[in-house]
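Peer 1:
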Amino acid sequence: MRVLLAEDEQDLNNIIVKKLNSEGYTIDACFNGQEALDFMSVAEYDVVILDIMMPKMNGLEVIQEMRRNGNTTPVIFLTARDSIEDRVKGLDMGANDYLIKPFSFEELMARMRVMTRHVAGVQTSVYTLADLSVDVSAHMVKRGDEVITLSAKEFSLLEYLIRNKGKVLSREKIENNLWNFDYEGGTNAVDVYIRYLRKKIDDSYTNKLIHTVRGAGYVLREEV
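So this is what it looks like as structure tokens:
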């Protein structure tokens, strides 16, 4: 999952980045509203986390511009302003959720999972395909009764594939979802991680789930 964070308190910004990175999220971070819009103009995100009180453009102005431009990415507001009026205003302008500082990081991640479930049209944190299940809350992957251990990046890749099961995803889309702008790896990184994932998810099973669509990319689906 790729996340954009716009928070002008540098210490809090750094802490959120470290926490989300440790949980396997791909995150781009900035410190004002104008930078947030610049990031969104060149990349797609699953969730945007916006502080309300920021320089150049505040969070309310950012979401107003997002929605005006047709950007429907889920938004969580972070703010020290806890009045009902402020919360109602933020939600009415298009925010999906609202967290008052100080907040629990576990609650932040739970709310992010809820929003991405709504976008994917599922009711729980467990995504399934055939005998494969991916619990994004517990970070657990199983095929049948067998628990499969994945690295953080492998898990992120599988989560992206299963949230888009049945859809052909280009290498560029996968790369954009799994790595931020600081990534300096090789151009074949997607192919390498697909190979790692196949070895763990498919190699020991007759029913292969990860498929290459020549000239287009990869898809997670059950072949009947």
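Heads up: the sequence shown begins at 1 in full-length UniProt numbering, then just goes up one per residue.
Ideal placement from N, C-alpha and C gives every residue a C-beta, glycine not left out.
As an exercise, report each continuous alpha helix (DSSP H) stretch of at least 4 residues that is fully enclosed by the UniProt domain "OmpR/PhoB-type" (124 to 222), in chain order.
Peer 2: 152 to 163, 171 to 178, 189 to 201
Peer 1: Let's test the definition: count the other Cβ atoms within 10 Å of the Cβ of V42 and tell me whether it reaches 16, buried, or not, exposed.
Peer 2: exposed
Peer 1: With the cut-off set at 8 Å, would you say S151 and L178 are in Cβ contact?
Peer 2: No, the Cβ-Cβ distance between S151 and L178 is not below 8 Å.
Peer 1: Which term fits A216, buried or exposed, when burial requires 16 or more other beta carbons within 10 angstroms of its beta carbon?
Peer 2: exposed
Peer 1: The ligand PLP and I15: does the residue's C-beta get closer than 7 Å to at least one heavy atom of that ligand?
Peer 2: Annotation note on the ligand PLP: not contained in the displayed structure, which lists no ligands.
Peer 1: Quick check on this structure: which residue in R163, E106, F105 has the alpha carbon closest to the alpha carbon of T124?
Peer 2: The shortest Cα separation from T124 among R163, E106, F105 belongs to R163.
Peer 1: To the nearest angstrom, how far is the alpha carbon of M57 from that of E222?
Peer 2: 46 Å
Peer 1: Check whether the stretch 110 to 118 and the stretch 35 to 53 touch, using three or more Cβ-Cβ pairs below 8 Å as the test.
Peer 2: yes
Peer 1: Is the separation between the beta-carbon of I52 and that of R81 shorter than 8 Å?
Peer 2: yes
Peer 1: Classify T149: buried if its beta carbon has 16 or more other beta carbons within 10 angstroms, exposed otherwise.
Peer 2: exposed
Peer 1: Mark N96 as exposed unless 16 or more other C-beta atoms lie within 10 angstroms of its C-beta, in which case mark it buried.
Peer 2: buried
Peer 1: Given that a residue counts as buried once 16 or more other Cβ atoms are within 10 Å of its Cβ, and exposed if not, what is F39?
Peer 2: buried
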